[in-house]
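FYI, UniProt numbering numbers position 293 of the sequence shown as 293, with every residue one higher than the one before it.
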Amino acid sequence: MGVSRKTPSHQQYASPSTPTRTRVPRSRPVTSTPTSSKRKRTADEQAVAPSASTKRPRRSHPNGSISGAVEVIDLTGDTPSPPRKRARVQTPIDEPTPERRARRFRTHPPKMYLERAARALTQRMFVVGHTVTDVDDAPKMSFDIVGTTGNIYKTTIGKVPTCTCPDAQKGNQCKHICYVLVKALRAPRHLQYQLAFLSSELRDMYHDSAISRQPDTDENKDGNRKPVEGDCPICFMEFEPDNEEIVWCRAACGNNIHRTCFQKWAATQQAQGVRCVYCRSSWQTDASNLTLDKLVKEGTVSADGYLNVAEQVGLSGARDYSTYHSFWVRQQSSYIGSPRRRHPSHLGEE
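Pasting the structure below:
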């Protein structure tokens, strides 16, 4: 039967007296099944050196070698070419471009305008001269106005109205501009408070005004007096023969003028001499008007550079504060009392 074999214990191998014998493991027969270490070694070799059969061949470029640039495909849908511009719709040559107003159109009169318009309608001012020129196919009308303090200001009605008075220099629509639009030009109501006008509006205002309907002096030069009717050509207010003195051109045209208005107008004609407002003929005076030439020579220039004829034409030179705000009146009263502004004629009109 089988023979039992004793295996020496661990103590026997570890004993110093007994010589140590190395145990040689018995080799086993090689089988065809690969071990795990061999499979791992084979997988590593395949990873390091892949077979030539798995390598993809390089594709040849049809145009030759590739220079290294890679074509990028844009997936955003935008084309690299610039967008096409819309074709301009050409405006017909004969169709004019609509004119634009230089300032915003006012749909209603502001409070500031109403205050100044009230002064223009209640305070008497005088137009001592006017000129009309054509600028950009539109009339430009300039008026020399004697204000309530006696200063003479130039008020111009063009595409953007202007005036040389201190109030207009601050950017306001002064009472002199209101006076010209309301009294001299008789502008339509919705245009009286505008800060700018169109060419068509200026043409209509001029043709509908009294300054475009000057009488034909070539037909009437006999000096016969015309009927007292209509408006005075200087203040543009209606004649009231029962309440005012009225003079007329005795030398030629016979047109009527307020005596007070004509005296104020004559006082400003220092270089030309006294002439008729209408026909420009030398004024023929009666006994009561012998002082007109004297008035012409006595006009003075104020410290601000304005020609002042208040003393010559019977004005006090003081401003009428009846239509002004009480706070503004108190402020100006203290300002007038300052050493450099004691005379009222040195003040501009508001």
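The C-beta atom is built at its ideal place from N, Cα and C for all residues, glycine as well.
In this text, all values refer to a predicted model and were calculated from it rather than measured experimentally.
- Cβ neighbours of C249 within its own chain (closer than 6 Å, five residues either side excluded): N255, C276.
- DSSP lists no beta-bridge partner residue for D167.
- Per the coordinates, the alpha-carbon of Q263 lies some 30 Å from the alpha-carbon of Y113.
- By the Cβ criterion, the region 226-245 is in contact with the region 112-130, since at least three pairs of Cβ atoms, one from each stretch, lie closer than 8 Å.
- In the structure shown, V180 falls within a helical segment according to DSSP collapsed to helix, strand and coil.
- At the C-beta level, F239 and V247 stay beyond 9 Å of one another.
- By the Cβ-count criterion, S302 is buried, with 16 or more other Cβ atoms from all chains shown falling within 10 Å of its own Cβ.
- Distances from the alpha-carbon of R100 to those of A210, G230, V160, P241 put V160 closest.
- Cβ contact annotation for K175 (same chain, cutoff 6 Å, sequence separation greater than five): R116, R119, A120, in chain order.
- DSSP places M141 in no alpha helix (DSSP H) but in the uninterrupted beta strand (DSSP E) bounded by 138-146.
- Annotated three-state conformation of I157 is strand, per DSSP.
- The three-state reading of DSSP puts I152 in strand, counting E and B together.
- In terms of Cβ geometry, Q192 and L181 form a close pair [threshold 9 Å].
- DSSP, reduced to helix, strand and coil, places H190 within a helical segment of the structure shown.
- Annotated three-state conformation of D204 is helix, per DSSP.
- F105 sits exposed, since fewer than 16 C-beta atoms from the chains shown fall within 10 Å of its C-beta.
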